[in-house]
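**Q** Can you keep this structure in mind? I'll have questions shortly.
Chains as they are written, first to last, in the numbering used here: chain A, 1 to 99; chain B, 1001 to 1186.
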């Protein structure tokens, strides 16, 4: 093995013995901090946007209680196709339930 | 386990074991390359930390078109070059070549002589060399960086790098001869 490669091997061994654990820990801490800040933004950004909208005089956007996927919406529509104008009103029509 | 499998698993589950596997596989190599460029152990440790954070924050962008190691090493060199430039060391580091651009491309055969120098002798020789020459020799012979990559890194053409490398090798051999006259390398 050439002396250049021996220098490389020594540097690698020295890092593993003395520095590797410390570096790993510090990177892990940094990554969790970034992740935490990211989650905070994700959680509070819509709320902040609503506050800004309200401050500027508009109505805040009302959240849907339930978020559905496009597939769920499609499935629901295929189960209950929209009624034509002449269709009778009745229990099948969710807008008007007769008791 | 292949790098790409670990990366996929990390992306899916953010599992600490995947992080550790990749970290322990590459951190020491990054550190060794950072020492070549930054020439300071503590700076190299900080750089390793920053580079790894960068790599993991951008892991989603890695598509696997090149090898993970290639990507990590290019992040390492770019980071170190940026750091050197910020500290305005780059001009000083490669000033000789900028002031004195070579116009001839030559092949030489003293690679073998250079790699035959004993470890303790090599350390002394490297200490006597200029920063630019030492960095170049270490990039080429310790880190195994190709001439083309060194040229890209330094923003020069390949023949300029070859010439600078040739001069660095000649200087190293001359210093070796001066320090250890009894030892013949040929």
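Where a beta carbon is used, it is the ideal one built from N, C-alpha and C, also for glycine.
1. Between the Cα of residue 1049 of chain B and the Cα atoms of B:1154, B:1176, B:1079, B:1016, which residue gives the shortest distance?
2. Taking residue 1049 of chain B as part of the alpha helix (DSSP H), name the residues at either end of that continuous run.
3. Listed in chain order, which residues of the stretch 1031–1046 of chain B have Cβ atoms closer than 7 Å to some Cβ of chain A?
4. Any beta-carbon of chain A closer than 8 Å to the one on residue 1177 of chain B?
5. Is the stretch 1049–1066 of chain B touching the stretch 19–38 of chain A in the sense that three or more CB pairs, one from each, lie closer than 8 Å?
6. Let me know if residue 105 of chain A comes out buried or exposed under the rule of 16 or more other beta-carbons within 10 Å of its beta-carbon.
7. When the Cα atoms are used, what is the spatial distance from residue 1103 of chain B to residue 1158 of chain B?
8. From the DSSP output, in three-state form, read off residue 1023 of chain B for me.
9. When you compare each of B:1166, B:1125, B:1121, B:1130 to residue 1140 of chain B by their alpha carbons, which one comes out closest?
10. Under a three-way DSSP split, which group does residue 1067 of chain B fall into?
11. Consider the Cβ of residue 1027 of chain B: report whether some Cβ of chain A lies at a distance smaller than 8 Å.
12. For the alpha helix (DSSP H) containing residue 1160 of chain B, name the first residue and the last one.
13. For a contact defined as C-beta to C-beta under 7 Å, what are the partners of residue 44 of chain A on chain B?
14. Specify whether the stretch 1142–1158 of chain B and the stretch 2–9 of chain A touch according to this definition: at least 3 beta carbon pairs, one from each stretch, less than 8 Å apart.
15. If you drop the 5 nearest sequence neighbours on each side, which residues of the same chain put their C-beta closer than 6 Å to that of residue 1037 of chain B?
16. Rounded to the nearest angstrom, what separates residue 39 of chain A and residue 1042 of chain B at their Cα positions?
17. Can you grab the Cα-Cα spacing for the pair residue 1029 of chain B / residue 1125 of chain B, in whole Å?
18. Kindly indicate if chain A contains any beta-carbon less than 8 Å away from that of residue 1020 of chain B.
19. State the Cα-Cα distance for the pair residue 1176 of chain B and residue 34 of chain A, rounded to the nearest angstrom.
20. Could you confirm whether any beta carbon from chain B is found closer than 8 Å to the beta carbon of residue 31 of chain A?
21. Measuring only between beta-carbons, confirm whether residue 68 of chain A sits less than 8 Å from chain B.
22. State the Cα-Cα distance for the pair residue 1040 of chain B and residue 1022 of chain B, rounded to the nearest angstrom.
**A** Straight from the coordinates:
1. B:1079
2. 1041–1057
3. 1031, 1032, 1035, 1045
4. no
5. yes
6. Because chain A here runs from 1 to 99, residue 105 of chain A falls outside it and cannot be looked at.
7. For residue 1103 of chain B, the pLDDT reaches just 41, beneath the cut-off of 50, and the residue's location in the model is therefore unreliable, leaving the point undetermined.
8. helix
9. B:1166
10. coil
11. yes
12. 1158–1179
13. The contacting residues do not exist; residue 44 of chain A stays about 21 Å from chain B at best.
14. yes
15. 1080
16. 32 Å
17. 23 Å
18. yes
19. 50 Å
20. yes
21. no
22. 24 Å
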